[in-house]
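Undergrad: Under UniProt numbering, residues 26 to 439 are what the sequence shown spells out, in order. Note that CB positions come from ideal geometry on N, CA and C, so glycine has one too. Given the structure is predicted, the values throughout are model-derived calculations rather than measurements.
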Amino acid sequence: IEEWNIEYAEGKDYQSLKRAAEEIVNTDTPVAFPTETVYGLGADATRSSAVKAIFAAKGRPSDNPLIVHVHSLSQLRELLSDKGVLQTGNDPIPAIYRPLIERFWPGPLTIILPVPENTTLAPEVTAGLLTFGARMPRSILALSLLRLCGRPLAGPSANASTRPSPTAAEHVYDDLQGRIHTIVDGGPCEVGVESTVVDGLSSPPSILRPGGVTVEQLRQCPGWENVTVGYKDKQEGGASKPRAPGMKYRHYSPKAEVVLFEAGATKPGKEEVTRKRRVGIIRTESWKPALGLTGGSTTVTDTNGQTNGTSRPHATPSIPTDAPSRLSNLLRSVIQHQIPHAQRHTLDSSDTDVWDIDLGAETEAVARGLFSALRELDKKGVEVIFVEGIDDTTGDDIAAAVMNRLRKAAEIRV
Ligand code: TXA
Ligand code: MG
């Protein structure tokens with residue numbers, strides 16, 4: 026497989042990234058950085074003291090391994106080689122992954138690889154497993170940071186453990202302020218859910234975590250036609266141990282109770298959720314008429330002094346006229362990825378406050394806005410969040426990733 030021509034950050038971005046890279050290389054404090062999926066918390070994957078600091082900052086259990094981020098295939102090949110020394114001859118990248126790498130890298134796909142003898146990876150990265158996960162992100166800022174570091178970066182999502190993954194720099198700040206020094210702000214993330222984790226070392230290959238690359242896309246690749254689903258999220262309390270260790274923990278949880286509405290789920294006997302005074306709703310466009318909120322809605326001014334519905338809590342970046350075109354493109358994409366915010370409705374018949382977030386009609390938009398919506402409703406102080414589930418049965422969009430995260434976040438499924 027050949028390397029790609031990757032565009033790297035320039036100008037002001039380059040200077041900021043250079044400082045972030047110096048912090049990663051010279052200190053043990055991890056640095057948060059944007060990727061196309063979610064923000065990551067990066068540290069030199071070959072240095073134990075730096076990797077340990079990731080676990081400490083997140084409050085992450087040490088038996089949950091980290092994904093290693095690379096900017097090139099040669100960097101990956103070094104990681105797969107004894108003592109990091111590349112041998113001529115055989116490609117250390119297992120052949121099963123070649124079609125995937127060609128099609129999906131750089132991008133939201135993590136592949137499970139064997140840890141070589143005398144690995145250069147810090148043992149904390151793999152949490153004692155004989156394999157490690159690797160991914161080449163497609164965010165230009167992430168790729169540029171990786172190249173400037175010259176080191177592979179261990180990078181879990183940059184949230185505090187159990188919280189929803191961060192899809193904007195503000196989310197990282199809310200969770201990790203005081204624990205890290207630097208967040209590289211690249212605006213809202215393009216995909217909004219984490220990478221798909223696949224294991225091609227087992228036969229047949231399997232998906233350990235659904236994510237930004239769909240089952241259908243994987244099935245189109247030679248050797249992956251019969252890829253199986255190796256994660257479980259439909260029924261709770263299954264006997265088999267999840268093969269991606271991170272999938273067993275409480276996850277993606279806002280402070281409010283989450284009630285997920287999905288086809289086929291059984292109704293719980295007791296519903297304590299009906300008497301709540303502060304209610305959040307996360308839904309798609311199609312539910313708007315069904316909720317009957319349109320008529321009685323009132324537009325109010327929130328604590329930022331902004332009018333809901335038209336406001337954005339974070340200033341929209343303006344495009345500097347003298348910036349190189351690449352920077353303008355980056356800013357334009359940031360503007361494109363703005364996500365919807367909550368609207369407040371007061372129900373006439375009671376003193377219940379309803380905060381309603383419409384994530385739109387497209388699955389991609391739902392994925393992009395989901396984590397942010399959970400976090401925003403927490404900030405509004407809602408006690409319960411009702412979430413409209415989406416159809417994840419087709420396999421040809423990233424609905425499986427959305428529903429997987431929601432099932433983990435939800436206490437109640439109706
Ligand atoms: O999109 C992403 O993948 C983001 C961005 C920052 O790249 N990263 C991310 O990392 O989601 P994290 O640590 O939050 O999730 C990594 C997942 C966990 O479920 C972990 O258990 C699994 O990957 N994992 C890591 N190494 C593994 C291995 N050797 N075998 C099986 N699962 C592994
Ligand atoms: Mg995570």
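1. Could you give the distance in angstroms between the alpha-carbon of residue 369 and the alpha-carbon of residue 191?
2. Between the Cα of residue 212 and the Cα atoms of 196, 94, 151, which residue gives the shortest distance?
3. Between the region 139 to 157 and the region 44 to 57, are three or more C-beta pairs nearer than 8 angstroms?
4. Considering only heavy atoms of ligand 2, list every residue whose Cβ is less than 6 angstroms from one of them, following chain order.
5. Assuming residue 155 and residue 139 make a contact with CB atoms under 8 angstroms, what is their CB distance in whole Å?
6. Classify residue 364 as helix, strand or coil using the three-state DSSP reduction.
7. Between residue 92 and ligand 1, is there a pair consisting of the residue's CB and a ligand heavy atom that are separated by less than 6 angstroms?
8. Check for me: the beta strand (DSSP E) holding residue 72 runs from which residue to which?
9. Go ahead and label residue 432 buried or exposed: buried means 16 or more other beta carbons lie within 10 angstroms of its beta carbon, across all protein chains shown.
10. If I follow the unbroken beta strand (DSSP E) through residue 397, where does it start and stop?
11. What three-state label does DSSP hand residue 139 in the structure shown?
12. In this structure, does DSSP put residue 276 in helix, strand or coil?
13. The beta strand (DSSP E) spanning residue 57 covers which residue range?
14. In terms of alpha-carbon separation, which member of 437, 378, 174 lies closest to residue 285?
15. Just checking my contact of residue 306 with residue 179 at CB under 8 angstroms: how many whole Å lie between their CB atoms?
16. Quick one: what's got a C-beta closer than 8 angstroms to residue 328's C-beta in the same chain, skipping five residues either side?
17. Could I get the ranges of all uninterrupted alpha helix (DSSP H) runs contained in the region 139 to 193, with 4 residues as the minimum, in chain order?
18. Going by C-alpha distance, which of 228, 215, 258, 204 is nearest residue 446?
19. By DSSP, does residue 450 sit in helix, in strand, or in coil?
20. Taking 6 angstroms as the cut-off, is the CB of residue 95 close to at least one heavy atom of ligand 1?
21. Please determine if the region 83 to 97 and the region 112 to 125 are in contact, where contact requires at least 3 C-beta pairs separated by less than 8 angstroms.
22. Quick one: does the C-beta of residue 377 sit closer than 6 angstroms to a heavy atom of ligand 1?
23. How would you label residue 221, buried or exposed, when you count the other beta carbons within 10 angstroms and need 16 or more for buried?
24. For residue 398, which option in 383, 129, 420 has the closest C-alpha, if you only look at C-alpha atoms?
25. Residue range of the beta strand (DSSP E) that residue 413 falls in?
26. Thinking just about the alpha-carbon of each residue, which of 199, 133, 423, 194 is nearest to the one in residue 168?
27. When the Cα of residue 312 is compared with those of 235, 412, 363, 239, which residue comes out closest?
28. Could you spell out where the alpha helix (DSSP H) holding residue 44 opens and where it closes?
29. Check residue 312 in the structure and name its three-state DSSP category.
30. What is the DSSP secondary structure of residue 66, counted as helix, strand or coil?
31. List the whole-angstrom C-beta distance separating residue 423 from residue 239, where the pair is believed to meet the contact cut-off of C-beta under 8 angstroms.
32. Does the beta-carbon of residue 294 have 16 or more other beta-carbons within 10 angstroms, so that it is buried, or is it exposed?
33. Classify residue 85 as helix, strand or coil using the three-state DSSP reduction.
34. Helix, strand or coil: how does DSSP classify residue 204 here?
35. So, with DSSP's three-state summary, where would you put residue 346?
36. Which term fits residue 242, buried or exposed, when burial requires 16 or more other beta carbons within 10 angstroms of its beta carbon?
TA: With the structure as the only source:
1. 23 angstroms
2. 196
3. no
4. 181, 182, 190
5. 7 angstroms
6. The answer is coil: DSSP assigns residue 364 none of H, G, I, E or B.
7. Indeed, a heavy atom of ligand 1 lies less than 6 angstroms from the Cβ.
8. Per DSSP, residue 72 belongs to no beta strand (DSSP E) and is neither H nor E.
9. buried
10. It is not in any beta strand (DSSP E) - residue 397 instead sits in the alpha helix (DSSP H) that spans 388 to 404.
11. strand
12. coil
13. 56 to 58
14. Checking every option, the nearest Cα to that of residue 285 belongs to 437.
15. Wrong, their Cβ atoms sit about 37 angstroms apart, outside the cutoff.
16. With a pLDDT of 36 at residue 328, under the threshold of 50, the modelled position of this residue cannot be trusted, and the question is left open.
17. Counting only runs of 4+ residues, the alpha helix (DSSP H) found wholly inside the region 139 to 193 occupies 148 to 151, 165 to 174, in chain order.
18. Since the first and last residues shown for the chain are 26 and 439, residue 446 lies out of range.
19. For the chain, the structure presents residues 26 to 439; residue 450 sits outside this window and is missing.
20. Not one heavy atom of ligand 1 falls within 6 angstroms of the beta-carbon of residue 95.
21. no
22. no
23. With 16 or more neighbouring CB atoms inside 10 Å of its own CB, residue 221 falls in the buried class.
24. 383
25. 409 to 413
26. 133
27. 412
28. 36 to 51
29. Three-state result, residue 312: helix.
30. strand
31. 6 angstroms
32. Its pLDDT being 48, under 50, residue 294 is placed unreliably in this model, and the value from its coordinates should be taken loosely. With fewer than 16 other Cβ atoms within 10 Å, it is exposed.
33. coil
34. coil
35. In this predicted model, residue 346 has a pLDDT of only 43, less than 50, meaning its place in the structure is not dependable enough to derive any value.
36. With 16 or more other Cβ atoms within 10 Å, it is buried.
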